[in-house]
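Visitor: Pasting a structure here, questions to come.
Number of protein chains: 2
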Amino acid sequence: MLGETTRDRKAERREATRREILDVAWSVAREHGLAQLTLRAVADRVGMRAPSLYTHFASKNAIYDAMFGSAWLEYEQVSGRELRDLPDSPRGRVRVMARSFFEYSVADLARYQLMNQRTIPGFVPSEEAFAPSVRTVQQAIDLLGSAGVADRDDVEILFAIIGGLVDQQLANDPGGDTRRRLLDRAVEMWADGVGLPPDSETSGPEPH
Amino acid sequence: MLGETTRDRKAERREATRREILDVAWSVAREHGLAQLTLRAVADRVGMRAPSLYTHFASKNAIYDAMFGSAWLEYEQVSGRELRDLPDSPRGRVRVMARSFFEYSVADLARYQLMNQRTIPGFVPSEEAFAPSVRTVQQAIDLLGSAGVADRDDVEILFAIIGGLVDQQLANDPGGDTRRRLLDRAVEMWADGVGLPPDSETSGPEPH
DNA sequence: GTCTATACACCGATAGAC
DNA sequence: GTCTATCGGTGTATAGAC
């Protein structure tokens with residue numbers, strides 16, 4: 248029993264160090280850019296020497312991998328919360344989903360680059376870190392299904408529209424909001440194209 | 248007179264070396280990835296030592312800059328050729344433009360990353376290298392104007408749609424053509440949304 | 001187990017000899 | 001114009017101190 252307690256405290260301490268390293272890594276990435284993250288800069292702020300990080304992570308890419316996983320895990324929760332109480336109207340549902348992803352993406356460039364762009368040369372996310380991403384995408388597909396969108400091609404087009412606007416926003420007007428205005432408009436075009444009923448038709452109590 | 252001839256030959260030789268370095272740089276970038284380009288790899292294939300490249304380019308980013316400029320210059324010419332004989336119908340024009348950019352983008356990942364993504368950490372294109380990019384975008388805007396699209400927001404949305412599909416294609420299905428199918432469909436949705444007349448209205452014999 | 005010191009191979013870039 | 005030598009910086013492997 249005492250042995251177990253000791254092991255637990257050790258494991259907790261180890262986990263705390265891991266989290267501290269990741270927190271520092273995020274702050275360095277946000278300050279200097281995701282690609283400019285260096286082990287020495289992280290180690291400095293943690294109060295270690297660079298090679299000591301290898302006690303907690305197998306490589307620099309393993310740190311990126313953990314950051315990737317935690318970012319998607321966080322968005323899975325954020326999105327799960329924001330998509331909890333959805334409007335009844337199909338268009339309203341799509342609008343909420345699109346805004347949720349857009350806002351989360353635009354809020355943090357380094358995070359978006361890690362989550363959705365291949366901006367780090369050798370980095371490929373592990374299957375494990377990728378899992379919350381897959382779940383979140385599936386959740387979005389299900390939501391669109393509940394809004395009456397059955398065609399997978401239409402889903403891909405919507406994702407392309409939202410992703411394209413996020414990219415434009417971050418590349419051409421970081422910190423601004425010019426593309427936010429266009430988001431609802433573009434979603435509306437898409438909804439017309441796939442034949443979603445206008446808002447007024449379904450603003451009553453939920454059918455089924 | 249003889250002096251001038253000598254200087255010309257020198258200038259020609261120098262320019263030829265520059266072009267050879269750039270050609271090699273493109274081939275290395277395509278083989279190992281744009282970000283994995285190293286001066287030593289380029290120098291090896293050219294038959295030089297790495298520091299000798301600094302005789303012809305001020306820095307590694309200067310090489311990227313020349314590559315960026317030449318890629319956009321090439322697309323300016325390709326697009327100028329492909330958009331020379333346009334259909335009369337507004338939708339046809341937009342379709343041709345969208346396909347032209349999509350095909351050129353999807354044909355070469357390294358080139359697309361350099362032209363349209365910020366995948367190289369410290370690289371910012373010079374104003375000079377950026378010029379053909381600006382001209383080509385303006386040409387696209389003019390073309391859309393000739394198709395009856397006056398609203399700049401609608402133009403941005405179209406660019407986002409095309410760019411989003413290119414990104415998806417390169418990220419999720421490189422070498423495939425799943426998103427090519429979606430391109431016409433997405434453009435059609437957009438054309439409906441901005442109120443372009445259907446093809447049939449203008450599919451008669453060519454006026455003018 | 002956790003961290004340090006040392007070292008290695010590679011990178012972009014500079015200085016100076018030829 | 002090209003070379004050699006070298007610099008500071010990077011990720012990372014390893015041996016050993018505690």
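Protein chains in written order, with my numbering: chain A, 248 to 455; chain B, 248 to 455.
Even for Gly, the Cβ is constructed at its ideal location relative to N, Cα and C.
1) Using a C-beta cutoff of 8 Å, does T383 of chain A count as contacting chain B?
2) Rounded to whole angstroms, what's the CA-CA distance from D332 of chain B to V343 of chain B? Just pull it up for me.
3) Count the other CB atoms within 10 Å of the CB of A394 of chain A; is the residue buried (16 or more) or exposed (fewer)?
4) Assuming P379 of chain B and G316 of chain B form a contact by the criterion Cβ under 8 Å, report the distance between their Cβ atoms to the nearest whole angstrom.
5) Taking only beta-carbon atoms, is G395 of chain A less than 8 Å away from chain B?
6) Give the residues of chain B in contact with E403 of chain A, contact being defined as C-beta atoms less than 7 Å apart.
7) Of the residues B:R287, B:G410, B:D335, which one's Cα is nearest the Cα of P298 of chain B?
8) Return the first residue and the last residue of the alpha helix (DSSP H) that F370 of chain A is part of.
9) Tell me which same chain residues have a C-beta within less than 7 Å of the C-beta of P334 of chain B, skipping the five on either side of it?
10) Could you pull the start and end residues of the alpha helix (DSSP H) that M362 of chain B belongs to?
11) So G342 of chain A is in the alpha helix (DSSP H); what residue range does that whole segment cover?
12) In or out: K257 of chain B buried (at least 16 other Cβ within 10 Å) or exposed?
13) Please state whether the Cβ-Cβ distance between P444 of chain A and P337 of chain A is less than 8 Å.
14) Taking the alpha helix (DSSP H) that L443 of chain A belongs to, which residues open and close that run?
15) Kindly indicate which residue of B:R260, B:E374, B:D401, B:R277 has the alpha-carbon position closest to the one of A387 of chain B.
16) What did DSSP end up calling T302 of chain B once you bin it into helix, strand or coil?
17) Indicate the three-state DSSP secondary structure (helix, strand or coil) for A378 of chain A in the structure shown.
18) Among the residues of its own chain, which have a CB less than 7 Å from the CB of H455 of chain B, if the five just before and after it don't count?
19) In its own chain, which residues sit with a C-beta less than 6 Å from the C-beta of M376 of chain A, not counting the 5 before and 5 after it?
20) Suppose contacts are defined by Cβ-Cβ distances below 8 Å. Is L500 of chain B in contact with R426 of chain B by that definition?
21) Measuring only between beta-carbons, confirm whether I310 of chain A sits less than 8 Å from chain B.
22) What residue range is occupied by the uninterrupted alpha helix (DSSP H) comprising G423 of chain B?
23) CB-CB under 7 Å to L284 of chain A, same chain, minus the five flanking residues each way: which ones, in chain order?
24) Taking the continuous alpha helix (DSSP H) assigned at R328 of chain A, which residues delimit it?
25) Can you tell me whether R399 of chain A is buried or exposed? The criterion is at least 16 other CB atoms within 10 Å of its CB, across all chains shown.
26) Going by beta carbon distance, what residues of the same chain come within less than 8 Å of A418 of chain A, once the five residues before and after it are set aside?
27) Can you list, in chain order, the residues of its chain whose CB lies under 7 Å from that of Q415 of chain A, leaving out five sequence neighbours each side?
Guide: So, from the data block:
1) By the rule that beta-carbons nearer than 8 Å mark a contact, T383 of chain A does not touch chain B.
2) 10 Å
3) buried
4) 7 Å
5) With 8 Å as the cut-off, G395 of chain A does not count as an interface residue toward chain B.
6) Q415, L429
7) B:R287
8) Boundaries for F370 of chain A: no alpha helix (DSSP H) harbours it, and the DSSP string shows neither H nor E there.
9) R340, V343
10) 356 to 363
11) Looking at the sequence itself, residue 342 of chain A is Arg, so the reference to Gly does not match. Residues 337 to 353.
12) exposed
13) yes
14) Taken as a continuous stretch (DSSP letters only), L443 of chain A belongs to no alpha helix (DSSP H), as it is neither H nor E.
15) B:D401
16) Three-state result, T302 of chain B: helix.
17) helix
18) Since pLDDT at H455 of chain B reaches only 48, below the 50 mark, its modelled position is unreliable, and no value is offered.
19) The amino acid occupying residue 376 of chain A in the given sequence is Ala; Met does not appear at that position. Contacts found: D312, F315, G316.
20) It is not possible to answer for residue 500 of chain B, since the shown part of chain B is limited to 248 through 455.
21) no
22) Careful: G423 of chain B lies outside any alpha helix (DSSP H) and carries neither H nor E.
23) A272, V275, A276
24) Its alpha helix (DSSP H) spans residues 307 to 329.
25) exposed
26) none
27) For Q415 of chain A, where only same-chain residues beyond five positions count, the Cβ hits under 7 Å are R426.
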